Amino acid sequence: MALFSRKPTGPVKVTRIGMHWDTEDPFIFASHHEDDYPAGNRQQAPPLQEIGGRDLGRDYEKRLGYRMYHGKVVPGFPMHAHWGYETITLAEVGYVDHFDNMGIEGRFGFGDVQWVCASSRYSHCEMYPLADQENRNPNDITQIMLNLPNEMKNGENSVRTVWASDVKKASGDGWTAKVICGSFGGVSATSPGSLSWSHGDNGVRIIRFSMDPGSELVIDPSLDSTARNLYFVSGKDAVIMGVPVEAGNRVKILENTDVTVMNGDEPSVLWLLEGRPIGQKMASFGPVYLPTLKDVRAGLDEIRLNEYHEWPWGVIDRAQPVGTGRFIRYPEGTESRPPE
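Numbering (our numbering), first residue to last: 120 to 459.
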């Protein structure tokens, strides 16, 4: 009976997460890669004796502190397709080397954010070069895929890098926030591309919170009809909306509600992903998200027919030369580098 019903005030649900995170519409997928790579050799790769015996090409088992993922020489992800969504990558620690079928290349890392809008068929490689040849090469890379509504699919593709110094930040007593998308703490950010569900009144927020031991954080309410999830990525424990939660959990939270986080006695990192659902019927298989299954099948056929012979870089797992700094270069010659 409504007379006796009570609106819940705590988390709706708490579930374990690993390297891959379950998400809700408008998000498709998220992953967190944290590895401790050794000093690099002349190929910016691990020594041969450390990668022997691995399932190279699909190495997701952490051995000696790291994974190779799909890389066979340099760790990372050789050429692969995306179609129908945005991919947002924060390289908090470590480098990512980027090459794509549009002729764009670059290297970003150490706090930089890359936005890739793959509205149409798109292929790129993302390699994790072991750029330091004298010391270990730890990395901490988070990647989030934000869907596009059907009317934005099969439009213009774009690649943009937001340098670490330009990423919006807010801070309080014992906490800092990197506002990748949305508004928080008096700062705002959005997708730098022309096509994005984050444009307009869709309430998309992508925020990385870092908390000191014993600190308190209050996240303001979302818009109506918003899916909200807090990912407790690292640390020990915290009290979230009055409920004790250990690190390594996803916390589904209510819209229109303040979210209070009381951190435990270790530094913690949490991610907030929220936004109004797109709510459209779509079909998907692998890297393709399009309006119908017929579209997806045709798209997969098109990828198989074209991605290799259209690839302009020769090898599909290319890395930048040793000693390369952070940059992005477009095929017409335009180049951007972070301020020194």
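All residues carry an ideal CB built from backbone N, CA and C; glycine is no exception. Being a predicted model, the structure only gives us computed values, none of them experimental.
Using three-state DSSP, classify GLY225 as helix, strand or coil. For this step, residue 225 is matched to residue 106 along the sequence shown. Three-state result, GLY225: strand.
Rounded to a whole number of angstroms, what is the C-alpha to C-alpha distance between TYR185 and MET138? Taking the first residue of the sequence shown as position 1, residue 185 is located at position 66. Taking the first residue of the sequence shown as position 1, residue 138 is located at position 19. Cα-Cα distance, rounded: 12 Å.
Is it a yes or a no for the region 291-300 touching the region 310-326, going by three-plus beta-carbon pairs under 8 Å? Look at the beta carbons and you see the region 291-300 touching the region 310-326: at least three pairs across the two are nearer than 8 Å.
Between the Cα of ARG279 and the Cα atoms of ALA296, SER313, ASN368, which residue gives the shortest distance? Along the sequence shown, one-based indexing puts residue 279 at 160. Answer by Cα proximity: SER313.
So, under 8 Å CB-CB, ARG445 and GLY228 are touching, yes? Tell me the CB distance rounded to an integer number of Å. Position 326 of the sequence shown, counting from 1, holds the residue named residue 445. Position 109 of the sequence shown, counting from 1, holds the residue named residue 228. Rounded to the nearest angstrom, the Cβ distance from ARG445 to GLY228 is 6 Å, consistent with a contact under 8 Å.
Please determine if the region 185-195 and the region 139-157 are in contact, where contact requires at least 3 C-beta pairs separated by less than 8 Å. Contact holds between the region 185-195 and the region 139-157, because three or more Cβ pairs, one in each stretch, are under 8 Å apart.
Check whether the Cβ atoms of GLU374 and PRO340 sit closer than 9 Å, and answer yes or no. Here residue 374 corresponds to residue number 255 of the sequence shown, with the count starting at 1. Here residue 340 corresponds to residue number 221 of the sequence shown, with the count starting at 1. For GLU374 and PRO340, yes; Cβs fall inside 9 Å.
Taking VAL246 as the reference, which of GLY293, GLY190, LEU209, ASN273 has the closest Cα? For this step, residue 246 is matched to residue 127 along the sequence shown. The sequence shown places Met at residue 246, not Val. Comparing Cα positions, the closest option is GLY190.
Quick check: what's the CA-CA separation for SER310 versus ALA250? Along the sequence shown, read from residue 1 onward, the residue named residue 310 stands at position 191. Along the sequence shown, read from residue 1 onward, the residue named residue 250 stands at position 131. The straight-line gap from Cα to Cα measures roughly 29 Å.
VAL415 lies in the alpha helix (DSSP H); which residues open and close that run? Walking along the sequence shown from the start, residue 415 turns up at place 296. VAL415 -> alpha helix (DSSP H) spans 412-425.
Do ALA164 and VAL133 have their C-beta atoms within less than 9 Å of each other? The residue labelled residue 164 in the question sits at position 45 within the sequence shown. The residue labelled residue 133 in the question sits at position 14 within the sequence shown. Contact check for ALA164 against VAL133 fails: the beta carbons are separated by 9 Å or more.
Just checking, does the region 340-349 make contact with the region 385-392 on the three C-beta pairs under 8 Å criterion? With the cut-off at 8 Å, the region 340-349 and the region 385-392 touch.
Which residues bound the alpha helix (DSSP H) around GLN168? Position 49 of the sequence shown, counting from 1, holds the residue named residue 168. Element bounds for GLN168: 167-170.
Can you say whether LYS287 is buried or exposed, counting buried as having 16 or more other CB atoms within 10 angstroms of its CB? As a first step, residue 287 must be located in the sequence shown, where it is residue number 168. Buried.
Can at least three beta-carbon pairs, one atom from the region 201-211 and one from the region 252-265, be found at a separation below 8 Å? Segments in contact, yes.
Identify the residues that DSSP records as bridge partners of HIS428: which are they? By one-based count along the sequence shown, residue 428 stands at place 309. According to DSSP, HIS428 shares a beta bridge with no other residue.
Measure from the alpha carbon of PRO130 to the alpha carbon of each residue in ARG448, ILE435, HIS243, ASN368, then state which is nearest. Here residue 130 corresponds to residue number 11 of the sequence shown, with the count starting at 1. Of ARG448, ILE435, HIS243, ASN368, the smallest CA-CA separation from PRO130 is found for ASN368.
According to DSSP, ARG327 sits in a beta bridge with which residue or residues? For the purposes of this step, residue 327 is identified with residue 208 of the sequence shown, where counting begins at 1. Note: ARG327 is bridge-paired with LYS297, TRP390 in the DSSP secondary-structure output.
GLY333 and ASP356: beta carbons closer than 9 Å? To locate residue 333, count along the sequence shown from 1; it is residue 214. To locate residue 356, count along the sequence shown from 1; it is residue 237. Going by beta carbons, GLY333 and ASP356 fall outside the 9 Å limit.
Can you give, in chain order, each stretch of the beta strand (DSSP E) that sits fully within the region 126-206 and has at least 3 residues? Correct list: 132-135, 146-156, 195-201.
For ALA121, does the count of other Cβ atoms within 10 angstroms reach 16, so buried, or fall short, so exposed? The count along the sequence shown starts at 1 and reaches residue 121 at position 2. Any answer about ALA121 is weak, because its pLDDT of 42 lies below 50 and its placement is not dependable; what the coordinates show is given next. Answer is exposed; the Cβ neighbour count stays below 16.
How should THR261 be labelled, buried or exposed, when 16 other C-beta atoms within 10 angstroms of its C-beta is the threshold for buried? For the purposes of this step, residue 261 is taken as the residue at position 142 of the sequence shown. Flag for THR261 reads buried.
Examine the Cβ distances between the region 214-221 and the region 406-415 and report whether three or more of them are shorter than 8 Å. Flag = no, the region 214-221 and the region 406-415 do not touch.
Can you tell me whether DSSP reads MET246 as helix, strand or coil? Translated into positions along the sequence shown, residue 246 becomes position 127. Strand, per DSSP.
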